[in-house]
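Each residue of the sequence shown is one higher than the last, beginning at 4 in this note's numbering.
Cβ atoms here follow ideal geometry from the backbone N, Cα and C, with glycine treated the same way.
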Amino acid sequence: GMVWMVLGGVLFSVMNAISRRLSLQLDDQLVLFLRYLFGLLVILPWVARQGWRSYKPVNMVGQFWRGGVHTLGCVLWFAALPHMPLADTTAIGFTGPIFIMLGAAWFLGEPMRRDRWIAAFIGFAGVMVVVLPKMSGDGGWFNLVMLASSPVFAASFLITKALTRYEKPGVIVLWQALTVTLLSAPMAWFHWQMPTPLQWLAFAATGVLGTVAHYCLTRAFALSDISATQSLRFL
4 GMVWMVLGGV
14 LFSVMNAISR
24 RLSLQLDDQL
34 VLFLRYLFGL
44 LVILPWVARQ
54 GWRSYKPVNM
64 VGQFWRGGVH
74 TLGCVLWFAA
84 LPHMPLADTT
94 AIGFTGPIFI
104 MLGAAWFLGE
114 PMRRDRWIAA
124 FIGFAGVMVV
134 VLPKMSGDGG
144 WFNLVMLASS
154 PVFAASFLIT
164 KALTRYEKPG
174 VIVLWQALTV
184 TLLSAPMAWF
194 HWQMPTPLQW
204 LAFAATGVLG
214 TVAHYCLTRA
224 FALSDISATQ
234 SLRFL
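Rendered as C-alpha cells:
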C-alpha cells in the first residue's frame with residue numbers, strides 16, 4: 004500500500020506542475036474540465052475492452068457523492084492555483100493529512116497510533132512556517148481559498164476509502180472522472196477558450212498522470228488504513 008501511495012504522490016506532483024502552467028494560460032474552470040475529460044478518455048479503452056458491466060458500481064449514490072465533493076475541492080483548488088507559487092500550493096496541500104487522519108479516526112474508526120500523529124503534526128508545523136508570513140494582501144486571500152480545498156479533498160478521500168470496502172479501484176477512478184467531468188462541464192462552457200495544439204498535448208498528459216495517480220491512491224487506500232498512508236504525502 005505504501006509503494007502505491009508514493010507512486011501516486013510523484014505522479015500528482017508532475018501533474019500539478021503542468022496544471023499550474025495551463026491555469027496561467029487558460030481559465031481555471033476550463034482547465035479543471037479538460038483535465039478530467041482527458042482522464043476519462045484515458046480510462047474508456049479499458050471500459051470498452053472489459054465491458055460496461057465490469058464498471059457498474061455497487062453504490063451509485065456513493066460515487067456521485069464522492070464526485071460532487073471532489074468537484075467542489077477542485078473548483079477551489081483550481082481557482083487559487085494560478086495566483087500562488089507551486090511550492091505554496093504544495094505546502095498548503097500538506098494540511099490534508101491532518102483532516103484525513105481526524106476523519107479516519109472519527110468516521111471510519113481507524114486506530115490512531117502516536118507515530119502517525121507525530122509525523123502529521125511535524126508536517127503541519129512546516130506548512131505554518133511557509134504559509135503564515137504570506138497571509139496578507141491578495142495572495143493571502145488565495146491562500147485561504149487553497150486552504151479551504153484541503154478539508155473538502157479530505158472528505159473526498161475518506162469517501163473513497165469507504166467505497167474501497169466494496170468497490171474495485173478501477174470502478175472508483177472511472178466514476179470519479181465521469182462525475183467530475185459532468186459537473187464541471189457547465190462552468191467550462193461559460194469560460195470556453197480554444198487551446199493551442201501544445202495545450203491539448205499538455206491536457207492529455209494531465210489526463211494520463213491524474214488517472215494513474217488516482218488509481219495508485221485508491222489501491223493504497225484499499226490495502227492500508229488511510230491514516231497510515233498520510234505521512235508519505237510529505238515526500
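Query                                                                                                                                 : Result
Does the distance from the CB of V254 to the CB of F160 come in under 8 Å?                                                            : Residue 254 is absent from the structure shown; the chain starts at 4 and stops at 238.
So the alpha helix (DSSP H) D31 belongs to, where does it begin and stop?                                                             : 31-53
State the start and end residues of the unbroken alpha helix (DSSP H) segment that holds M190.                                        : 172-193
Can you give me the C-alpha to C-alpha distance between A180 and H73, rounded to a whole angstrom?                                    : 10 Å
On a CA-only basis, which of L212, L79, D118, V17 is nearest F156? Give me that one, please.                                          : L79
Is the CB-CB distance between S22 and L75 below 8 Å?                                                                                  : no
Roughly how many angstroms separate the alpha carbons of L165 and Q233, rounded to a whole number?                                    : According to the sequence as given, residue 165 is Ala; it is not Leu. So the two alpha carbons sit approximately 16 Å from each other.
Near H86, what residues of its chain come up, given a Cβ to Cβ distance below 6 Å and the 5 sequence neighbours on each side ignored? : F145
Is F110 helix, strand or coil when you go by DSSP?                                                                                    : helix
Compute the Euclidean distance between the alpha carbons of S187 and L35, then round it to the nearest angstrom.                      : 7 Å
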